[in-house]
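In what follows, a single structure is set out as structure tokens and then discussed.
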Amino acid sequence: MKETVHNELRSLSHLIYRFIENLPNKKQIESMTGTNGCIIGYLAENSGHDVFQKDIEKAFGITRSTASKVINLMEQKGLVERQSVSYDARLKKIIMTDKSKAISHLMAEDMELVESVLTEGFSPEETKALYSYLKRMKQNLKSYYLKEKEEC
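Offset between the sequence shown (1-based) and our numbering: plus 29.
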């Protein structure tokens, strides 16, 4: 098979998925899907301020309908709650429940392991460059997608 960035990223994505499926704390957080785990991690990292659905949409690059479906399912699983805010009756912040708080530290341990394995042998400069390249690729795709929509 021809070596391409796309093939390498797809292969890496599959390897990361398999690695995550076998993490030490996976059994204790079995009810958590990858997306749910990412959102719980985001909520934990941003616990110092209100987080709304639009913040989750932006952080994960997902549509409003996808975010709504995921958050609704997470509510049904008892992982998050929507809570009104006093300063705007239209807004509901997304908050972690006791259930999601109890497992968020286990997820953090696992994600630290993933990050350390992925960047093992990389210098700080190489890691910084890697992040820069990945962000640029994401921006290239977003820009292309927007350009295509404008031409239609």
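Where is the CB? At the ideal position from N, CA and C, for every residue including glycine.
- It is roughly 36 Å from the alpha-carbon of K176 to the alpha-carbon of V109.
- With fewer than 16 other Cβ atoms inside 10 Å of its own Cβ, L170 counts as exposed.
- Burial of G66 is indicated by the presence of at least 16 other C-beta atoms within 10 angstroms of its C-beta.
- In the displayed model, S113 falls within a strand according to three-state DSSP.
- For the pair L142 and I58, the CB atoms are not nearer than the 8 Å cut-off.
- For G70, the enclosing alpha helix (DSSP H) has its first and last residue at 63–74.
- Residue state for L170 is assigned as helix, using DSSP reduced to three classes.
- I100: member of the alpha helix (DSSP H) spanning 93–105, first to last residue.
- By a beta-carbon distance limit of 8 Å, I49 does not contact I85. Their separation comes to about 20 Å.
- Rounded to the nearest angstrom, the gap between the Cα atoms of T64 and F89 is 9 Å.
- I45 is not bridged by DSSP to any residue.
- Residues I49, D139 of the same chain have their beta carbon placed closer than 8 Å to that of K55, with the five preceding and five following residues left out of the count.
- About 5 Å separates the CB atoms of I69 and S129; that is less than 8 Å, so the two are in contact.
- Under the DSSP definition of a beta bridge, F81 partners with K122.
- Taking the Cβ atoms as the reference, K121 lies roughly 6 Å from S113, within the contact range of under 8 Å.
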